[in-house]
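Peer 1: Residues 0 to 325 in numbering that gives the first Met the number 0 are what the sequence shown spells out, letter by letter.
We put the CB at the ideal spot given by N, CA and C, even for glycine.
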Amino acid sequence: MQQQQLQQQTVTLSAEIESRLASNASDVARTVATVSEQAASVNQQLGQLKEQTAAGQRNIDSLQERLTQSIRQVQAQQMISEKDWLLAEAEYLLRLANQRILMEQSAAGALALLRAADEVLHKADDVALYQVREALAKDISALEAIPRVDTEGVFLRLSALNSQVVNLRMIPVTERHRLPDLLEEITPEAVRETWGAGAREALSGALGKLEQLVIIQHRDEPVEPLLSPEQSYYLQQNLHLMLEQAQHALLQRRQGAYDASLTKAHQWIQDYFEAKDATTQALLQGIAELKQVNVAPEVPSVAASLEALQIHINELRRLKREGGQG
0 MQQQQLQQQT VTLSAEIESR LASNASDVAR TVATVSEQAA SVNQQLGQLK
50 EQTAAGQRNI DSLQERLTQS IRQVQAQQMI SEKDWLLAEA EYLLRLANQR
100 ILMEQSAAGA LALLRAADEV LHKADDVALY QVREALAKDI SALEAIPRVD
150 TEGVFLRLSA LNSQVVNLRM IPVTERHRLP DLLEEITPEA VRETWGAGAR
200 EALSGALGKL EQLVIIQHRD EPVEPLLSPE QSYYLQQNLH LMLEQAQHAL
250 LQRRQGAYDA SLTKAHQWIQ DYFEAKDATT QALLQGIAEL KQVNVAPEVP
300 SVAASLEALQ IHINELRRLK REGGQG
């Protein structure tokens with residue numbers, strides 16, 4: 000009897016233990032499931048947080064890059080070095096030199112500006128300017144090769160010649176005044192006196208006297224009528240004017256007007272004044288010498304050096320822009 004009760008209690012206890020174990024296992028399973036769900040949720044939240052953190056970092060990096068780029072661009076635009084100022088000064092001088100050539104044909108003025116620009120580029124001390132200075136040296140050499148015109152000297156010589164115009168002597172016409180005296184010598188009495196000596200001698204003597212009335216002048220141009228005193232005065236004034244016109248043409252570098260004025264003055268002096276007079280000869284010689292002066296020598300272009308410098312400056316600006324963007 001006791002054995003049966005013991006067995007029954009054992010069975011009951013085993014069943015209770017199994018029931019409690021099953022209940023505990025179920026509770027553990029539920030706990031594990033809950034923990035797993037919570038862990039998964041935490042992991043998901045951590046993943047989202049990491050993603051948000053990464054996105055935030057990317058935004059920060061992007062903003063930092065944009066800020067850095069903006070700072071570089073501002074620095075590139077505002078940073079003007081001493082070399083930049085020197086290049087700008089040289090470009091200005093070369094522009095002025097080209098204007099002197101184009102507007103005034105002034106080789107001397109342009110040459111001085113080119114030399115000043117070369118000195119400025121020398122101060123920059125940049126080997127990258129080699130091609131620019133090479134082009135500049137060629138332009139300077141081309142201007143130095145132009146024949147020099149002593150404008151002041153030619154102007155003063157024209158003034159000196161002009162002052163001698165008042166000393167010119169008109170061609171004398173004394174033969175016109177000798178005509179009555181010569182005619183008086185050929186009278187009937189003179190002819191009768193010589194007739195006895197022979198008709199041939201008388202005729203020869205008469206012809207000899209008549210030959211004195213004829214003066215032959217060899218000229219390429221027809222002899223113009225003799226000038227009245229009033230006309231002589233105006234001729235001298237016109238000579239003054241022609242020489243002054245030559246001076247104006249000299250200053251304006253107008254070769255055609257210069258040559259035309261001197262040619263006209265030379266022709267008038269040759270036609271209307273005593274050829275053997277010292278003043279006439281001096282004026283003719285002086286004008287002939289001045290006619291050989293080239294008052295408007297051809298001035299070459301000096302644009303090559305300016306173009307080379309502008310190319311160099313544009314290249315520097317391009318590099319700065321690229322550096323600012325980098």
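Please classify Q246: is it buried, with 16 or more other beta-carbons within 10 angstroms of its beta-carbon, or exposed?
Peer 2: It is buried - the Cβ of Q246 has at least 16 other Cβ atoms within 10 Å.
Peer 1: Could you pull out every residue in the same chain whose Cβ sits closer than 7 Å to the Cβ of Y354, ignoring the five residues on either side in sequence?
Peer 2: With the chain covering only 0 through 325, there is no way to say anything about residue 354.
Peer 1: Determine the DSSP secondary structure at E183, reduced to helix, strand or coil.
Peer 2: A caution first: E183 carries a pLDDT of 45, below 50, which makes its placement in the model unreliable, though a value can still be read off. E183: helix per DSSP, three-state reduction.
Peer 1: Locate the alpha helix (DSSP H) running through A136, then write down its first and last residues.
Peer 2: Y129 to E143
Peer 1: Tell me which residue opens and which closes the alpha helix (DSSP H) that V153 is part of.
Peer 2: T150 to S162
Peer 1: Spatial neighbours of A264 within its chain, please: C-beta separation below 7 Å, excluding the five flanking residues on both sides.
Peer 2: L238, M241, L242 and I286
Peer 1: Does the beta-carbon of D149 have 16 or more other beta-carbons within 10 angstroms, so that it is buried, or is it exposed?
Peer 2: exposed
Peer 1: Which residue from A38, K49, L101 and E321 puts its Cα closest to that of E297?
Peer 2: L101
Peer 1: Please name the residue in G46, S162, L160 and K82 whose C-alpha comes closest to that of R316.
Peer 2: K82
Peer 1: Relative to the alpha-carbon of L250, which residue among A277, E151 and L318 has its alpha-carbon at the smallest distance?
Peer 2: E151
Peer 1: Looking at C-alpha atoms only, which residue of D60, A111, N313 and A277 is the closest neighbour of Q163?
Peer 2: Among D60, A111, N313 and A277, the Cα nearest to that of Q163 is on A277.
Peer 1: Am I right that I312 and L86 are in contact with their C-beta atoms under 8 Å? What's the rounded C-beta distance?
Peer 2: 6 Å
Peer 1: For I16, count neighbouring Cβ atoms within 10 angstroms of its own Cβ and tell me buried if that reaches 16, exposed if not.
Peer 2: It counts as exposed.
Peer 1: Can you grab the Cα-Cα spacing for the pair L212 / Q230, in whole Å?
Peer 2: With a pLDDT of only 37 at L212, under 50, the local geometry of the prediction cannot be trusted, and no value is derived from it.
Peer 1: Under 7 Å between the Cβ atoms of L112 and L95?
Peer 2: Yes. Within cutoff.
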